[in-house]
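Student: Position one of the sequence shown corresponds to residue 1 (my numbering), numbered consecutively onward.
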Amino acid sequence: MRPASEKTSVRPAAVAGFFYPADPQELRSEVARYLDSASSDSLRTPQGTPKALIVPHAGYIYSGRVAAAAYAAIAARRDTIRRVVLLGPSHRVYLHGVAVPRSDSFATPLGEIPVDAERRHKLIASGEVMSADAPHAQEHSLEVQLPFLQMLLGDFELLPLVAGTAEPAHVAAVLDAAWGDEETLVLISSDLSHYHTYDLARRIDGDTSEAILQKQITLTGEQACGAVCINGLLHLARHRPLDVSEILRMNSGDTAGDRQRVVGYGAFAIHEPASLS
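1) Considering S245, what are the terminal residues of the beta strand (DSSP E) in which it resides?
2) How should G97 be labelled, buried or exposed, when 16 other C-beta atoms within 10 angstroms of its C-beta is the threshold for buried?
3) Might you give, ordered along the chain, the residues of its own chain that have their beta carbon closer than 6 angstroms to the beta carbon of Y62, omitting 5 neighbours on each side?
4) From what residue to what residue does the alpha helix (DSSP H) around H136 run?
5) List the whole-angstrom C-beta distance separating I188 from A52, where the pair is believed to meet the contact cut-off of C-beta under 8 angstroms.
6) Quick one: grab the DSSP three-state call for F268.
7) Taking only the alpha-carbon atoms, compute the straight-line gap between A38 and A73 and give it to the nearest angstrom.
8) Would you tell me roughly how many angstroms separate the C-alpha atoms of H91 and S193, rounded to the nearest one?
9) Taking Cβ to Cβ, would you say L158 is nearer than 8 angstroms to L236?
10) From A22 to D36, what does the alpha carbon distance come to, in whole angstroms?
11) Where does A76 sit, in a helix, a strand or coil, going by DSSP?
12) Look at I247 and A269 and say whether their C-beta atoms are less than 8 angstroms apart.
13) For a test of the three-state rule: what should DSSP assign to P3, helix, strand or coil?
14) How many angstroms separate the CA atom of R78 from the CA atom of M250?
15) Take V140 and list the residues in its own chain whose beta-carbon comes closer than 6 angstroms to its own, dropping the five residues that flank it on each side.
16) For Q25, count neighbouring C-beta atoms within 10 Å of its own C-beta (all shown protein chains included) and say buried if the count is 16 or more, exposed if not.
17) For F106, write down the residues that DSSP places opposite it in a beta bridge.
18) Short of 6 angstroms in beta carbon distance, which residues of its chain neighbour T8, apart from the five on each side in sequence? Order them along the chain.
19) Thinking C-alpha only, which one of A274, P89, V171, Y34 is nearest A67?
20) In whole angstroms, what is the alpha-carbon distance linking A137 and A166?
21) Starting from R238, trace the beta strand (DSSP E) both ways and give me its first and last residue.
22) Compute the distance between the beta-carbons of P89 and S209, then report whether it is under 8 angstroms.
23) Do you know how far the Cα of N231 is from the Cα of P160?
24) In chain order, what residues of the same chain lie with their CB nearer than 8 angstroms to the CB of F156, ignoring the 5 residues before and after it?
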């Protein structure tokens, strides 16, 4: 337990009011609506309850439907999950490797989520990650996931990680060290292709989806902004071994916006092979 005299630091919400509502009541209502509607989507249900998810991170009006589909896949684990390892790409700060923040908690309009200090310390001590607040300060790829987690789960701790340039084996080693047991959920935050026409995006994202399902570890930033993170997860999935399933795939032309410049979104589950689950 932290001494009462010790000061704590909070990473405040940076994109509330932009990517998602800043008003707590409106935010709760919007997230609940997406989660409720996920059951009506034509989803590919994973074989077994997922240990890890790949989830998009755009504004909720664009990617909320696909994100909710991913979270619906872990509804059965809501009373079990006590820790979330969340890894996304560093969009704003150049970074070589993987960074964990010094902040003690992350805030959204729905409250604060404590950072898993014990696992953070172990990762830093291992030399696999660096400690730095700057890559996290304005990063939206992690933040937009938090209200969904707050609505879906009970009390939980967060291990927030952002990746810059890094080899799949390095990212896999970080994830493996934080993998934990059934109380730990691993989330990779990534969108798919960016700013193509609707039909071209569907073709590109279809190829990317097939690569993910085949656990290829050569995805590029043109295919997914979180390619470094996904490649690391897939590298680990090869070695554990784990299966990958697609849950839902769309783009902004399906949800909001025109079809001349769309962004792709995909929800994927990583789970034990069907014969073992």
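Don't be surprised by glycine CBs; every beta carbon is placed ideally from N, CA and C. Since this is a predicted model, take the numbers as computed values, not measurements.
Tutor: On the basis of the supplied data:
1) 243-251
2) buried
3) S252, T255, A256
4) 134-137
5) 7 angstroms
6) Note: F268 maps to strand in three-state DSSP.
7) For A38 and A73, the distance between alpha carbons rounds to 9 angstroms.
8) In a straight line, the C-alpha of H91 is about 15 angstroms away from that of S193.
9) no
10) Between the alpha carbons of A22 and D36 lies a distance of about 21 angstroms.
11) helix
12) Taking 8 angstroms as the Cβ cut-off, I247 and A269 qualify as a contacting pair.
13) Low local confidence applies: a pLDDT of 47 at P3 is under 50, so the model's placement there is unreliable, and no value is given.
14) 25 angstroms
15) First, the residue type needs correcting, since residue 140 is His and not Val in the sequence shown. Excluding sequence positions up to five before and after H140, its CB lies within less than 6 angstroms of the CB of V15, F19, all in the same chain and listed in chain order.
16) Counting C-beta atoms within 10 angstroms of its own C-beta, Q25 has fewer than 16 neighbours from the protein chains shown and is therefore classed as exposed.
17) R11, I113
18) Correct list, in chain order: D104.
19) Y34
20) For A137 and A166, the distance between alpha carbons rounds to 20 angstroms.
21) Here R238 belongs to no beta strand (DSSP E); instead the alpha helix (DSSP H) covers 227-239.
22) Against a cut-off of 8 angstroms, the Cβ pair of S209 and P89 comes out as no contact.
23) 18 angstroms
24) I81, R82, R83, V84, I113, L149
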